[in-house]
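Here is the structure we will look at, set down as structure tokens.
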Amino acid sequence: MAESELLQGTLEPTNEPYAIAKIAGIKLCESYNRQYGRDYRSVMPTNLYGPHDNFHPSNSHVIPALLRRFHEATAQNAPDVVVWGSGTPMREFLHVDDMAAASIHVMELAHEVWQENTQPMLSHINVGTGVDCTIRELAQTIAKVVGYKGRAPWFLMPANRMARRANCWM
Numbered sequence: 001m002a003e004s005e006l007l008q009g010t011l012e013p014t015n016e017p018y019a020i021a022k023i024a025g026i027k028l029c030e031s032y033n034r035q036y037g038r039d040y041r042s043v044m045p046t047n048l049y050g051p052h053d054n055f056h057p058s059n060s061h062v063i064p065a066l067l068r069r070f071h072e073a074t075a076q077n078a079p080d081v082v083v084w085g086s087g088t089p090m091r092e093f094l095h096v097d098d099m100a101a102a103s104i105h106v107m108e109l110a111h112e113v114w115q116e117n118t119q120p121m122l123s124h125i126n127v128g129t130g131v132d133c134t135i136r137e138l139a140q141t142i143a144k145v146v147g148y149k150g151r152a153p154w155f156l157m158p159a160n161r162m163a164r165r166a167n168c169w170m
């Protein structure tokens, strides 16, 4: 998503509180930069992964959730690992160390360079790889990396159940 697309549509309901907080921070930086001539900088990271992630079975993000499922299935020699959804959504991922390096790079940019790349709002920049993969491709890669030899059938959830699951109601 291009930086200019921020606030151009509705927010995804399960991520809305996080998105609102992030947008509020970006808008605060924009306002201080314009009103007080400050040089506050905001970055919008893509989906992050890395050490010390949340591997909880019911409320983790996609990479740690799949890592846990396929690792446990490999350890237990399970014949199947059911994966929720169709596998077709596209996602972009970035390792936390790369995000840290990008943040340092942004902080070290000359003020003029930052302004050239954030006009007209003196807003944020997106940080990511620019490369998307499907959830199916991600699951296949993780299965291969952990040595899982079984099947991974995809289970499509009805839309109302997906919303309930995303909110930890199931």
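The opening residue of the sequence shown carries number 1 in full-length UniProt numbering; numbering runs sequentially from there.
Note that the Cβ used here is the ideal one computed from N, Cα and C, for glycine as well.
> If you count every other CB in all the chains shown that lies within 10 Å of the CB of residue 148, and 16 or more means buried, which is it?
Replying inline: buried
> Of the choices 52, 73, 48, 74, whose alpha-carbon is the least far from that of residue 62?
Replying inline: 48
> Going by the beta-carbon positions, is the gap between residue 69 and residue 81 smaller than 8 Å?
Replying inline: yes
> Who does residue 93 pair with in a DSSP beta bridge?
Replying inline: 47
> Which residues in the same chain have their Cβ closer than 7 Å to the Cβ of residue 99, if we skip the five residues on either side of it in sequence?
Replying inline: 45, 48, 127
> What residue does the beta strand (DSSP E) around residue 127 start on, and which one ends it?
Replying inline: 124-127
> Based on the DSSP output, what are the partners of residue 154 in its beta bridges?
Replying inline: 83
>> Alpha carbons only, please: which of 106, 110, 125 is nearest the one belonging to residue 23?
In response: 125
> By a C-beta neighbour count over all protein chains shown, 10 Å radius and 16 as the cutoff for buried, is residue 21 buried or exposed?
Replying inline: exposed
> beta strand (DSSP E) containing residue 134: first to last residue?
Replying inline: 132-134
> Using a Cβ-Cβ cut-off of 7 Å (strictly less than) and excluding sequence neighbours within five positions of residue 25, which residues of its own chain qualify?
Replying inline: 42
> From which residue to which residue does the alpha helix (DSSP H) around residue 34 run?
Replying inline: 16-36
> For residue 54, which residues of its own chain have a beta-carbon under 8 Å away from its beta-carbon, when the five flanking residues on both sides are left out?
Replying inline: 60, 61, 64
> Taking the DSSP output, what are the residues bridged to residue 42?
Replying inline: 124
> Buried or exposed: where does residue 135 fall if 16 or more other Cβ atoms within 10 Å of its Cβ makes it buried?
Replying inline: buried
> In its own chain, which residues sit with a C-beta less than 7 Å from the C-beta of residue 57, not counting the 5 before and 5 after it?
Replying inline: 68
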